[in-house]
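A short worksheet on the structure shown next.
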Amino acid sequence: GENVEQHPSTLSVQEGDSAVIKCTYSDSASNYFPWYKQELGKRPQLIIDIRSNVGEKKDQRIAVTLNKTAKHFSLHITETQPEDSAVYFCAAGDTGTASKLTFGTGTRLQVTL
Amino acid sequence: NAGVTQTPKFQVLKTGQSMTLQCAQDMNHNSMYWYRQDPGMGLRLIYYSASEGTTDKGEVPNGYNVSRLNKREFSLRLESAAPSQTSVYFCASIGETVNTGELFFGEGSRLTVL
Chain L
33 GENVEQHPST
43 LSVQEGDSAV
53 IKCTYSDSAS
63 NYFPWYKQEL
73 GKRPQLIIDI
83 RSNVGEKKDQ
93 RIAVTLNKTA
103 KHFSLHITET
113 QPEDSAVYFC
123 AAGDTGTASK
133 LTFGTGTRLQ
143 VTL
Chain F
3 NAGVTQTPKF
13 QVLKTGQSMT
23 LQCAQDMNHN
33 SMYWYRQDPG
43 MGLRLIYYSA
53 SEGTTDKGEV
63 PNGYNVSRLN
73 KREFSLRLES
83 AAPSQTSVYF
93 CASIGETVNT
103 GELFFGEGSR
113 LTVL
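Here is the structure:
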């Protein structure tokens, strides 16, 4: 099965700085790579995703890059703000009829003033 | 449009007791999932249902059973709760259109087994 590793487990940045979270996956058949944000006590919510036919995707201050050859993908947050403080999960899998995603163990991002 | 609703939000059980977590979605999604979330472990799939009438094991199915009652509802049952099942449980559904595989999560159910 798929195995997803995520680093770092905790990340502290100052407001305005950039944050980068990295994930690697093992199954070359995976073709879908979403990122979920979970604020304290809340449910995970999708913030951005990328498919295997695309190398990079950007949405305002967040971007995701994918390197299929190396089997790794990364989340980049620029100009961080206090409301970016949360736990971020990467995942890898497919979007077939019985979609299954394997999640990373999460990165707790703290944005300090 | 409530999305994914799960009950109860909190539950305390004694070892050996049983309980059922209920989940319902009103988005007409085919696939539904149960995850558990433990500190440092991420979200781990317990069971999923690709469509009404089908269920399959995920990564950590031991100690759980599920029922896909209809297209809207997917329940998770603990027959004999153990302290190792103390966790936050999330139900989710997925729309699986051509352009998105987004998982929609419920608010979570925090279960403590003493």
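Residue numbers (my numbering), protein chains in the order written: chain L, 33 to 145; chain F, 3 to 116. Backbone N, C-alpha and C define an ideal beta-carbon position, used for all residues, glycine too.
Only residues of its own chain outside the window of five on either side were considered, and among them Ser53 have a CB closer than 6 Å to the CB of F:Asn32, listed in chain order.
Excluding the 5 residues flanking it on each side, L:Gln46 has same chain C-beta neighbours closer than 6 Å at Thr144, in chain order.
Here L:Thr134 is buried: its Cβ has 16 or more other Cβ atoms, across all protein chains shown, within 10 Å. Using a Cβ distance threshold of 8 Å, L:Glu34 and L:Asp59 count as a contacting pair.
Annotation: F:Pro85 to L:Gly87 spans about 44 Å, alpha carbon to alpha carbon. The alpha helix (DSSP H) runs lying completely inside the segment 8 to 91 of chain F and spanning 4 residues or more number zero.
Looking from the CA of L:Val52, the closest CA among L:Lys132, L:Asn85, L:Arg93 belongs to L:Arg93.
Contact between L:Tyr57 and L:Lys132 is absent: CB atoms are separated by about 13 Å, not below the 8 Å threshold. The alpha-carbon separation between L:Gln142 and F:Gly44 amounts to approximately 18 Å.
Annotation: L:Asp49 is outside any beta strand (DSSP E) and is labelled neither H nor E by DSSP.
As for any beta strand (DSSP E) of minimum length 3 sitting wholly inside the segment 93 to 122 of chain L, the runs are 94 to 99, 104 to 109, ordered along the chain.
When Cβ-Cβ separations below 8 Å define contact, F:Glu75 makes no contact with chain L. Taking the Cα positions, F:Ser51 is about 42 Å away from L:Gly48. The DSSP-derived three-state label of L:Pro40 is coil. Straight-line measurement puts the Cα of L:Ala124 at about 14 Å from the Cα of L:Ile79. Taking 8 Å as the cut-off, the Cβ atoms of F:Leu80 and F:Gly60 do not count as close. Look at the segment 47 to 77 of chain L: the residues with a C-beta under 8 Å from a C-beta of chain F are Tyr64, Pro66, Tyr68, Lys74, Arg75, Pro76, Gln77. Against chain L, the CB of F:Leu45 has a partner CB under 8 Å away; the residue lies at that interface. The DSSP assignment places 51 to 57, 64 to 70, 77 to 83 as complete runs of the beta strand (DSSP E) inside the segment 50 to 83 of chain L, in order along the chain (cut-off: 3 residues).
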